[in-house]
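Protein chains in written order, with this note's numbering: chain R, 1 to 249; chain F, 1 to 291. Ideal Cβ placement from N, Cα and C applies to all residues, glycine included.
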């Protein structure tokens with residue numbers, strides 16, 4: 001436990017110190033919300049637009065943080081030998097993974113607080129109807145997308161390519177899944193793609209707890225799809241994750 | 001089952017490892033005594049790093065017996081990782097940390113770490129203790145690697161090519177540091193492809209070539225293995241090299257002859273082979289013999 005906190009403190013320090021990462025990962029969703037919230041007005045599907053966007057950007061933020069940020073940092077650390085070096089210390093691998101996970105949870109929880117604060121203060125958006133469910137959604141989002149993030153990190157070969165790969169996945173998925181606005185007008189095949197990806201379902205879950213005050217477990221199908229994607233990422237990681245830089249395997 | 005006698009920090013018996021059917025190690029055996037600086041010397045691709053990475057617990061062996069401080073590194077037990085320090089050839093410390101924070105980070109992984117500031121002092125980074133890792137020079141980064149490897153107060157330190165890419169001054173100061181580790185009673189396993197480094201630092205050297213140890217002994221023994229002495233001089237501007245196992249008589253004859261003829265043996269040199277000569281000879285011989 002002491003070692004977990006020790007590692008967590010270090011993870012937090014390095015995250016906030018590396019300004020590019022902090023800006024890209026933490027500030028970007030807030031910035032997008034500020035922009036989109038100013039552009040859209042009125043209602044989307046019968047709900048206030050600022051509320052729907054808040055849920056959408058919450059989903060985008062979860063993915064950007066726990067999937068994108070985690071994959072970028074893990075691949076970077078692997079390729080410069082940081083992970084390899086850690087493996088020869090007494091730090092248990094499980095403790096390391098736990099510290100990394102909790103660290104992203106902290107980052108995303110702050111992100112979520114930032115989004116809610118921005119929404120309520122600037123756009124008069126609603127506050128979460130079910131606070132406990134909202135907190136649960138934060139954990140669910142980080143768990144699912146962190147699982148996918150570790151899986152992606154196991155497949156991505158080079159530190160140079162990782163940002164590009166991550167963005168090619170995150171931005172289209174967020175766009176298709178309604179993070180940046182309603183998708184009813186999208187062509188059917190784009191909607192069909194979104195139907196098999198996890199982000200849309202995650203946003204549905206968030207909408208449920210945030211706007212309708214539903215329980216986190218109100219939509220088992222959505223939860224199941226989100227969980228399955230996280231589990232698939234984790235399964236890839238269990239088979240393919242390496243602590244060694246690619247060149248020295 | 002461990003055959004190690006108590007004073008051996010490392011025992012390796014008939015170690016074998018293949019990658020995709022290519023044999024990287026073809027039966028390597030050696031022992032490293034406690035408190036010894038042991039050099040694993042060989043050209044790139046000879047199997048040095050593979051051997052060390054098996055001992056460090058990074059790679060699994062195909063066959064053979066290995067004991068590191070009484071543990072099987074293949075199981076990478078935590079008790080073993082508490083007692084070893086590792087300096088890898090290519091590894092970096094997170095750039096945004098300061099020197100002191102990096103040491104504190106690693107100190108936190110061990111049950112009985114050394115005092116962080118003492119270690120920073122030891123590796124000569126006291127003036128840089130609050131500098132960010134990314135601002136350090138190449139040599140300073142290697143000192144940092146050494147510092148974080150020492151902060152857990154290990155009994156055994158692995159140094160994989162610790163001075164590759166150093167300028168001469170940085171190398172000498174790294175050597176000083178390694179000698180000071182030895183005086184602390186640490187066992188050190190050093191890999192290098194620099195002969196002078198092995199000669200300067202190692203109590204014993206194993207020369208490894210194409211996955212086999214081709215010679216093992218103290219640097220003096222390795223040189224002593226070849227009995228030839230080389231006598232060089234110039235006659236009418238032409239270099240004459242005489243290799244002999246009987247230098248006293250040959251030199252006597254040469255000087256007597258020159259004195260009688262009233263000539264000078266210009267640029268006369270009598271030299272014993274250096275470790276480098278022996279090494280090149282070994283690596284060459286084995287190379288042509290193997291192919």
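Item to complete: Locate the alpha helix (DSSP H) running through residue 49 of chain F, then write down its first and last residues.
Response: For the purposes of this step, residue 49 of chain F is taken as residue 49 along the second chain, with counting starting at 1. Following the DSSP letters along the chain, one finds residue 49 of chain F inside the alpha helix (DSSP H) bounded by residues 48–55.
Worksheet item: For the candidate residues R:25, R:27, R:45 and R:54, whose alpha-carbon lies nearest to that of residue 38 of chain R?
Response: By 1-based counting over the first chain, the position of residue 38 of chain R is 38. It is R:54 whose Cα lies nearest to the Cα of residue 38 of chain R.
Worksheet entry | CB contact below 8 Å: residue 293 of chain F versus chain R | An answer regarding residue 293 of chain F cannot be provided, because it is not within the stretch 1 to 291 covered by chain F.
Worksheet item: Any beta-carbon of chain F closer than 8 Å to the one on residue 82 of chain R?
Response: Looking up residue 82 of chain R in the first chain gives position 82. Yes - at least one Cβ of chain F is within 8 Å of the one on residue 82 of chain R.
Item to complete: Could you tell me whether any Cβ in chain F is nearer than 8 Å to the Cβ of residue 65 of chain R?
Response: To locate residue 65 of chain R, count along the first chain from 1; it is residue 65. Cβ-Cβ to chain F under 8 Å: no for residue 65 of chain R.
Discussion item. Checking 8 Å against the spacing of the C-beta atoms, do residue 129 of chain R and residue 210 of chain R come in under that value?
Written reply: For the purposes of this step, residue 129 of chain R is identified with residue 129 of the first chain, where counting begins at 1. For the purposes of this step, residue 210 of chain R is identified with residue 210 of the first chain, where counting begins at 1. Against a cut-off of 8 Å, the Cβ pair of residue 210 of chain R and residue 129 of chain R comes out as a contact.
Item to complete: Please name the residues in the stretch 89–100 of chain R whose beta-carbon is closer than 9 Å to at least one beta-carbon of chain F, in chain order.
Response: For the stretch 89–100 of chain R, which is checked against every Cβ of chain F, the residues closer than 9 Å are 89, 90, 91 and 92.
Discussion item. Mapping the DSSP letters down to three states, classify residue 290 of chain F as helix, strand or coil.
Written reply: Numbered from 1 along the second chain, position 290 holds the residue referred to as residue 290 of chain F. Confidence at residue 290 of chain F is low in this model, with a pLDDT of 36, below 50, so its placement is unreliable and no value can be given for it.
Worksheet item: What does a CB cutoff of less than 6 Å around residue 8 of chain R pick up in its chain, not counting 5 residues either side in sequence?
Response: Counting from one through the first chain, the residue named residue 8 of chain R turns up at place 8. Cβ contact annotation for residue 8 of chain R (same chain, cutoff 6 Å, sequence separation greater than five): 99, 102 and 103, in chain order.
Worksheet entry | Option nearest residue 192 of chain F by Cα separation, candidates F:185, F:109, F:182 and F:209 | Walking along the second chain from the start, residue 192 of chain F turns up at place 192. The shortest Cα separation from residue 192 of chain F among F:185, F:109, F:182 and F:209 belongs to F:209.
Practice prompt. Identify the contact partners of residue 245 of chain R in chain F, using a Cβ-Cβ distance below 9 Å as the criterion.
Written response: On the first chain, position 245 is the one that residue 245 of chain R refers to. Close partners of residue 245 of chain R in chain F (Cβ separation under 9 Å): 90 and 91.
Discussion item. Output needed for residue 96 of chain R: all residues of its chain with C-beta closer than 7 Å, excluding positions within five of it in sequence on either side, in chain order.
Written reply: Position 96 of the first chain, counted from the first residue, corresponds to residue 96 of chain R. If the five residues before and after residue 96 of chain R are omitted, its C-beta is found closer than 7 Å to the C-beta atoms of 7 and 86, all from its own chain and listed in chain order.
Fill in: Close Cβ partners of residue 24 of chain F (< 6 Å) along its chain, the five nearest in sequence each way excluded
Against the second chain, residue 24 of chain F aligns to sequence position 24. If we look at residue 24 of chain F and ignore the five residues flanking it on each side, its Cβ neighbours are 17, 47, 50 and 211.
Worksheet item: Do the CB positions of residue 150 of chain R and residue 31 of chain R come within less than 8 Å of each other?
Response: The residue you call residue 150 of chain R lines up with position 150 of the first chain. The residue you call residue 31 of chain R lines up with position 31 of the first chain. Contact flag unset, no.
Discussion item. Cutting at 8 Å between CB atoms, please list the residues of its own chain near residue 52 of chain F, excluding the five before and the five after it.
Written reply: Counting from one through the second chain, the residue named residue 52 of chain F turns up at place 52. Here the set comprises 40, 158, 160, 189 and 191.
Worksheet item: Taking DSSP as the reference, what is the three-state secondary structure of residue 67 of chain F?
Response: Sequence index remark: in the second chain, residue 67 of chain F carries index 67 (1-based). DSSP places residue 67 of chain F within a strand segment (E or B) once states are collapsed to three.
Worksheet item: Does the distance from the CB of residue 37 of chain F to the CB of residue 174 of chain F come in under 8 Å?
Response: One-based indexing of the second chain puts residue 37 of chain F at position 37. One-based indexing of the second chain puts residue 174 of chain F at position 174. Going by C-beta atoms, residue 37 of chain F is not nearer than 8 Å to residue 174 of chain F.
Item to complete: Could you tell me whether the stretch 114–126 of chain F touches the stretch 93–103 of chain F, where touching means 3 or more Cβ pairs closer than 8 Å?
Response: The stretch 114–126 of chain F is in contact with the stretch 93–103 of chain F.
Fill in: Whole beta strand (DSSP E) elements within the stretch 187–213 of chain R, 3-residue minimum
You should have found no qualifying run.
Worksheet entry | Touch test, the stretch 20–34 of chain F against the stretch 182–189 of chain R, Cβ-Cβ under 8 Å, three pairs minimum | Cβ pair count under 8 Å is below three, so no.
Fill in: Segments assigned alpha helix (DSSP H), at least 4 residues, entirely inside the stretch 24–97 of chain R
Counting only runs of 4 or more, we get 28–39, 49–62, 70–79 and 82–87.
Fill in: Cβ neighbour criterion (16 or more within 10 Å) applied to residue 29 of chain R
Working through the first chain from its first residue, we reach residue 29 of chain R at position 29. Only buried fits residue 29 of chain R, as 16 or more other CB atoms lie within 10 angstroms of its CB.
Worksheet item: For residue 268 of chain R, which residues from the same chain have a beta carbon less than 7 Å from its beta carbon, with the 5 sequence-adjacent residues on both sides left out?
Response: This structure does not reach residue 268 of chain R, given that chain R is present from 1 up to 249, and the question cannot be answered.
Discussion item. I'd like the span of the beta strand (DSSP E) that includes residue 215 of chain F, first residue to last.
Written reply: Translated into the one-based positions of the second chain, residue 215 of chain F becomes position 215. 212–217 is the extent of the beta strand (DSSP E) around residue 215 of chain F.
Worksheet entry | Three-pair Cβ contact test at 8 Å for the stretch 213–233 of chain F versus the stretch 60–72 of chain F | The stretch 213–233 of chain F, when compared against the stretch 60–72 of chain F, does not touch it at the 8 Å Cβ threshold.
Item to complete: Measure the beta-carbon distance from residue 109 of chain F to residue 3 of chain R and round it to whole angstroms, keeping in mind my assumption that it falls under 8 Å.
Response: Residue 109 of chain F sits at position 109 when you count from the first residue of the second chain. Residue 3 of chain R sits at position 3 when you count from the first residue of the first chain. Residue 109 of chain F to residue 3 of chain R, Cβ: 7 Å. Contact.
Worksheet item: Distance, Cα to Cα, residue 19 of chain R vs residue 26 of chain R?
Response: Translated into the one-based positions of the first chain, residue 19 of chain R becomes position 19. Translated into the one-based positions of the first chain, residue 26 of chain R becomes position 26. Roughly 10 Å between the two C-alpha positions.
Practice prompt. Please report how far the alpha carbon of residue 58 of chain F lies from the alpha carbon of residue 86 of chain F, in whole angstroms.
Written response: Along the second chain, read from residue 1 onward, the residue named residue 58 of chain F stands at position 58. Along the second chain, read from residue 1 onward, the residue named residue 86 of chain F stands at position 86. Taking C-alpha positions only, residue 58 of chain F is separated from residue 86 of chain F by approximately 11 Å.
Discussion item. Can you check which of these residues, F:125, F:246 and F:138, is closest to residue 91 of chain F by C-alpha distance?
Written reply: Here residue 91 of chain F corresponds to residue number 91 of the second chain, with the count starting at 1. The shortest Cα separation from residue 91 of chain F among F:125, F:246 and F:138 belongs to F:138.
Worksheet item: Nearest to residue 105 of chain F by CA position, among R:230, R:89, R:146 and R:107, is which residue?
Response: In the second chain, residue 105 of chain F corresponds to position 105, counting from 1. Minimum Cα distance to residue 105 of chain F is reached at R:89.
Practice prompt. Give the secondary structure of residue 14 of chain F by DSSP, where H, G and I count as helix, E and B as strand, and everything else as coil.
Written response: Locating residue 14 of chain F in the second chain gives position 14, counting from the first residue. DSSP places residue 14 of chain F in strand when its eight states are reduced to three.
Item to complete: Please go through the same chain and pick out, in chain order, the residues whose beta-carbon is closer than 7 Å to the beta-carbon of residue 78 of chain F, but skip the five residues on each side of it.
Response: Position 78 of the second chain holds residue 78 of chain F. Excluding sequence neighbours, residue 78 of chain F sits near nothing in its chain.
Discussion item. Just checking: is the beta-carbon of residue 22 of chain F within a distance shorter than 8 Å of some beta-carbon in chain R?
Written reply: Position 22 of the second chain, counted from the first residue, corresponds to residue 22 of chain F. Taking Cβ atoms only, chain R never reaches closer than 8 Å to residue 22 of chain F, which makes this a no.
Fill in: CB contact below 8 Å: residue 18 of chain R versus chain F
As a first step, residue 18 of chain R is located in the first chain; it is residue number 18 there, counting from the start. Closer than 8 Å to some Cβ of chain F, the Cβ of residue 18 of chain R qualifies, so yes.
Discussion item. Do residue 270 of chain F and residue 229 of chain F have their beta-carbon atoms positioned less than 8 Å apart in this structure?
Written reply: Counting from 1 along the second chain, the entry for residue 229 of chain F is found at position 229. Counting from 1 along the second chain, the entry for residue 270 of chain F is found at position 270. The criterion of a C-beta distance shorter than 8 Å is satisfied by residue 229 of chain F and residue 270 of chain F.
Worksheet item: Under the DSSP definition of a beta bridge, which residues are partnered with residue 302 of chain F?
Response: Residue 302 of chain F lies beyond the stretch modelled for chain F, which goes from 1 to 291, so this question has no answer here.
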